[in-house]
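Chemist: Going down the list, the sequences are from chains L and P. According to our numbering, the first sequence is numbered sequentially starting from -14. According to our numbering, the second sequence is numbered sequentially starting from -14. Can you read through this structure? Questions will come right after.
2 protein chains.
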Amino acid sequence: MRIAIPRELQPGENRVPVTPDVAKKLVRMGAELLVEASMGVGAGFTDAEYTEAGATIVADRKELFSSADLLLRLNKPSVDEIELMQRGCIHISYLDPFNERELIDAFKAAGVTSISMEMIPRTTRSQKMDALSSQANLAGYVMVMKAANHLPRIFPMMMTPAGTLKPANVFVIGAGVAGLQAIATAKRLGAKVTAFDTRPVVAEQVQSLGAKFLEIDLGETGETAGGYAKELTPEQVEIQRQAQKDIIAKSDVVITTAQVFGRKPPVLVTQDMIEGMQPGSVIVDMAAETGGNVEGSRPGDVVEWCGVTIIGTGNWASEVARDASQMYSSNLFNLVEDNWCEEKKAFEVNFEDDILPGCIITHDGEVTNETIKNIMEGEAQS
Amino acid sequence: MRIAIPRELQPGENRVPVTPDVAKKLVRMGAELLVEASMGVGAGFTDAEYTEAGATIVADRKELFSSADLLLRLNKPSVDEIELMQRGCIHISYLDPFNERELIDAFKAAGVTSISMEMIPRTTRSQKMDALSSQANLAGYVMVMKAANHLPRIFPMMMTPAGTLKPANVFVIGAGVAGLQAIATAKRLGAKVTAFDTRPVVAEQVQSLGAKFLEIDLGETGETAGGYAKELTPEQVEIQRQAQKDIIAKSDVVITTAQVFGRKPPVLVTQDMIEGMQPGSVIVDMAAETGGNVEGSRPGDVVEWCGVTIIGTGNWASEVARDASQMYSSNLFNLVEDNWCEEKKAFEVNFEDDILPGCIITHDGEVTNETIKNIMEGEAQS
């Protein structure tokens, strides 16, 4: 089977989908591996390292797409790229399938099997393939480092002959994978950390990291089978906002990580709350690129409002591209290995598997994913 | 006594010499306090806060200089500013007296008493006034944060279902106040830290922070009475370089903090060592602005050499201006309080004091500091 790794073209993307280590493993499994020239540069890997791993370097990007049996990637493709692929080709990447109708239609028309890394379920067996979690984990770390670099104060308490510096107050909204890592990193640095999540079940995890869990009585809330927070009613969002207002005013750093699977994230920090903060304070909006938890955050940018710095950088994991590539690459490899047929030396699309079918969006000219199919049919009717 | 606080004009300087808290204390001691308009802006303090503390806001900078009995500042003045001051006026700030002959001559000619914050001795009683140490402490923290923000890896070890990320290797050269804080901060973040210092006496302090002390046999070394490393012979510097070469090649981050009191810092990381590092590695040169420990570092800037990022930002403490201002301001206040005559409600220049005389560079038209006088006379004769 001919596996191809094109270079990522998205601006600001330094991660690579396959590291030389993983390349070596794929070759050892019997794959013919084609790597686009300079593919690894963003994360500091040279073409020579891939050649040494047994891959062939290809300069012609179009040839790479048209000759591949399996494409391993990070970001979603363009429609033009899909049109270059062979019928029956398999394309694995992030896909954002809830929003990318046009791409899904293109995959369908091209007869390409598209597999979405976002759809890897959160089960014990699939953890090793769960790229959303591996990248969110790194994002949690990066957001704290960004905040520390913009804050005109230090995180730890410091007792000196010239007096004591108080520890920074950090408030983390959302205690999923990214939020928990942000809490852990801020605690490590010596900050005083408080966190909130609409799922009371995570209070214990927050506390076990040494942070305080903010109790807000929202009435009935819960989490999905996938471990995401269920969407709140407008009334519940308002109660949450009011309860957080005080603590936000007293915080040096606020980090928001509230996401709802497949939907626009809720706005949790409004302008009046930002205006209540001390000048020099910092807000990190993890969701800035998908709509934002913070009013006034600008995707991919750092802005100031009333002396408060609002960081909306996005693609957080790409800031630690070397480690992020190792993790993502490992996730991809585990998925490929799990579906590899040793005899045929090929990735087998098996609809009987317990993980794979839920991640397949299109196959053989059809949208096979039930959730996506239902949404698309619903839209077509309305 | 009329105390004046002019605004700092040095580019990139966000710290302020006097915070509103300290302003209040000075007023309570009986000082008449004049603050230049917008003086506190860089560190997030408003004119209103100073007015509330009992200070008067002055818009005319020249008037401020010419009417002051005592000037409290961070950075050295310009010759023009010195010429505005009254005879008998006292000026306290960093002065860099080993290099600023022109300023010393101007102070002498103007009959101003110039007090250098760098000359505060490192004794138990003067610790509370020791601004070099308080700011170096913060610099140690900032340098690690800067490195973390440029490194394409995370500092801590991370064990995940997709494999283990190894901790970053950090090498710190020089274990003075800044070096020790850099070690502590990097350890906090979970890095594997090794450190070296020419003074074997600090090995225990390094180890007590959980870092490894690199043993290099340099023959006879030592420290000055002030706690600084003694300058090495060229042969010793070469031995140190060779011994460090290996560990630098294996490090993700190298932080250099080697300074010799009153002299140019030694070059410890040479280009061939940088070329031996992995692409993506980061070097922080604390001394970039005073000559540099690292070949190719650019003062006030971040540059890349063979894929290695070299950070020479300088004025590190200004990055955490709020905390740095609190510390510096407290150092200044302790010095003023220590020399305050309650009856006269004035700063008294007492040459019988155990701390003050060593910090006075000029007084009543003379260079009174013995060390500086000897250097200047030596230069005049040669």
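Positions of the beta carbon are idealized from the N, C-alpha and C atoms, including for glycine.
Would residue 193 of chain L be called buried (16 or more neighbouring beta carbons within 10 Å of its own) or exposed?
Modeler: Exposed, since its Cβ has fewer than 16 Cβ neighbours within 10 Å.
Chemist: What would DSSP say about residue 111 of chain L, mapped onto helix, strand or coil?
Modeler: Coil, per DSSP.
Chemist: Closer than 9 Å by beta-carbon distance: list the chain P residues that pair up with residue 145 of chain L, in chain order.
Modeler: Per Cβ cutoff of 9 Å: 112, 113, 118, 119, 122, 312 and 315.
Chemist: Whole angstroms is fine: what's the gap from residue 295 of chain P's alpha carbon to residue 301 of chain P's?
Modeler: Those two C-alpha atoms are separated by around 15 Å.
Chemist: Which stretch, first to last residue, makes up the beta strand (DSSP E) that contains residue 248 of chain P?
Modeler: Per DSSP, residue 248 of chain P belongs to no beta strand (DSSP E) and is neither H nor E.
Chemist: Could you check whether the stretch 167 to 184 of chain P touches the stretch 235 to 250 of chain P, counting it as contact only if at least three pairs of C-beta atoms, one from each stretch, sit closer than 8 Å?
Modeler: With the cut-off at 8 Å, the stretch 167 to 184 of chain P and the stretch 235 to 250 of chain P touch.
Chemist: Less than 7 Å between CB atoms is the rule here; does residue 57 of chain L satisfy it with respect to chain P?
Modeler: No, because no Cβ of chain P sits closer than 7 Å to the Cβ of residue 57 of chain L.
Chemist: Any beta-carbon of chain P closer than 7 Å to the one on residue 130 of chain L?
Modeler: Output row for residue 130 of chain L: interface = yes.
Chemist: Distance check for residue 359 of chain P and residue 366 of chain P, CA to CA, integer angstroms please.
Modeler: Straight-line Cα distance between these residues: approximately 11 Å.
Chemist: Give every residue of the same chain whose Cβ lies closer than 7 Å to the Cβ of residue 200 of chain P, excluding the five residues on either side of it in the sequence, and list them in chain order.
Modeler: Nothing meets the Cβ criterion.
Chemist: Do residue 345 of chain L and residue 100 of chain L count as a contact pair if the criterion is CB distance below 7 Å?
Modeler: Yes, these two residues count as a Cβ contact at 7 Å.
Chemist: Between the Cα of residue 287 of chain L and those of L/278, L/303 and L/268, spot the shortest distance and give me the residue it belongs to.
Modeler: Selected option, being the one with the closest Cα: L/268.
Chemist: Should residue 264 of chain L and residue 29 of chain P be called a contact, given that it needs their Cβ atoms to be closer than 7 Å?
Modeler: In this structure, residue 29 of chain P lies closer than 7 Å to residue 264 of chain L by Cβ.
Chemist: Name the two residues that bound the continuous beta strand (DSSP E) containing residue 234 of chain L.
Modeler: Counting along the chain, residue 234 of chain L falls outside any beta strand (DSSP E), though it belongs to the alpha helix (DSSP H) covering 219 to 234.
Chemist: Whole angstroms is fine: what's the gap from residue 203 of chain P's alpha carbon to residue 172 of chain P's?
Modeler: Looking at the two C-alpha atoms, the distance is approximately 27 Å.
Chemist: Against residue 82 of chain P, what residues of chain L qualify as contacts under a CB-to-CB distance less than 7 Å, listed in chain order?
Modeler: Within 7 Å Cβ-Cβ: nothing; residue 82 of chain P doesn't reach chain L, min ~22 Å.
Chemist: What is the rounded straight-line gap between the Cα of residue 163 of chain L and the Cα of residue 187 of chain L?
Modeler: Rounded to whole angstroms, residue 163 of chain L to residue 187 of chain L spans 13 Å at the Cα level.
Chemist: Over the uninterrupted beta strand (DSSP E) stretch that includes residue 148 of chain L, give me the two end residues.
Modeler: First-last of the beta strand (DSSP E) with residue 148 of chain L: 148 to 150.
Chemist: Does residue 270 of chain L have its Cβ less than 7 Å from a Cβ in chain P?
Modeler: Answer no: the Cβ-Cβ gap between residue 270 of chain L and chain P never drops below 7 Å.
Chemist: Using the beta-carbon of each residue, which ones in chain L are nearer than 7 Å to residue 264 of chain P?
Modeler: Going along chain L in sequence order, the residues near residue 264 of chain P (Cβ under 7 Å) are 29.
Chemist: Restricting to runs no shorter than 4 residues, where is the alpha helix (DSSP H) found entirely within the stretch -6 to 20 of chain L?
Modeler: You should have 5 to 13.
Chemist: Under a Cβ-count criterion, where at least 16 other Cβ atoms within 10 Å of its own Cβ denotes burial, should residue 156 of chain L be classed as buried or exposed?
Modeler: With 16 or more other Cβ atoms within 10 Å, it is buried.
Chemist: Can you give me the C-alpha to C-alpha distance between residue 62 of chain P and residue 327 of chain P, rounded to a whole angstrom?
Modeler: Computed Cα separation, rounded: 28 Å.
Chemist: What three-state label does DSSP hand residue 170 of chain P in the structure shown?
Modeler: Helix at residue 170 of chain P.
Chemist: Is there at least one Cβ from chain P nearer than 7 Å to residue 305 of chain L's Cβ?
Modeler: True, the Cβ-Cβ gap to chain P drops below 7 Å.
Chemist: Going by CA-CA distance only, name the one from P/266, P/-9, P/-14 and P/7 that's closest to residue 316 of chain P.
Modeler: Taking only the C-alpha atoms, the option nearest residue 316 of chain P is P/7.
Chemist: Output the residue ranges of the beta strand (DSSP E) runs that lie fully inside the stretch 39 to 89 of chain L and measure 3 residues or longer, sorted by chain position.
Modeler: Listed in chain order, they are 41 to 43, 55 to 57 and 75 to 78.
Chemist: In terms of residue numbering, what span does the beta strand (DSSP E) encompassing residue 289 of chain L cover?
Modeler: 287 to 290 is the span of the beta strand (DSSP E), which, as asked, contains residue 289 of chain L.
Chemist: Can you check whether the CB of residue 238 of chain P is closer than 7 Å to the CB of residue 132 of chain P?
Modeler: The answer is yes: Cβ separation under 7 Å.
Chemist: What is the rounded straight-line gap between the Cα of residue 85 of chain P and the Cα of residue 66 of chain P?
Modeler: Going by the C-alpha atoms only, they are around 15 Å apart.
Chemist: Residue 214 of chain P bridges to which residues according to DSSP?
Modeler: Paired residues: P/208.
Chemist: Look at the alpha carbon of residue 3 of chain P and the alpha carbon of residue 105 of chain L, and state the distance between them as a whole number of angstroms.
Modeler: Their backbone Cα atoms lie some 56 Å apart in a straight line.
Chemist: Name, please, each residue of chain P whose Cβ falls closer than 8 Å to the Cβ of residue 137 of chain L.
Modeler: What residue 137 of chain L touches in chain P: -1, 28, 29, 304, 305, 306, 307 and 308.
Chemist: For residue 424 of chain L, would you say it is in contact with chain P, using Cβ-to-Cβ distances shorter than 7 Å as the test?
Modeler: The shown model of chain L, from -14 to 367, leaves out residue 424 of chain L, and the question about it has no answer.
Chemist: Could you tell me the distance, in whole angstroms, from the CA atom of residue 121 of chain P to the CA atom of residue 31 of chain P?
Modeler: Each residue's Cα considered, the two are about 26 Å apart.
Chemist: Report yes or no: is there a C-beta of chain P within less than 7 Å of the C-beta of residue 150 of chain L?
Modeler: Yes, because at least one Cβ of chain P sits closer than 7 Å to the Cβ of residue 150 of chain L.
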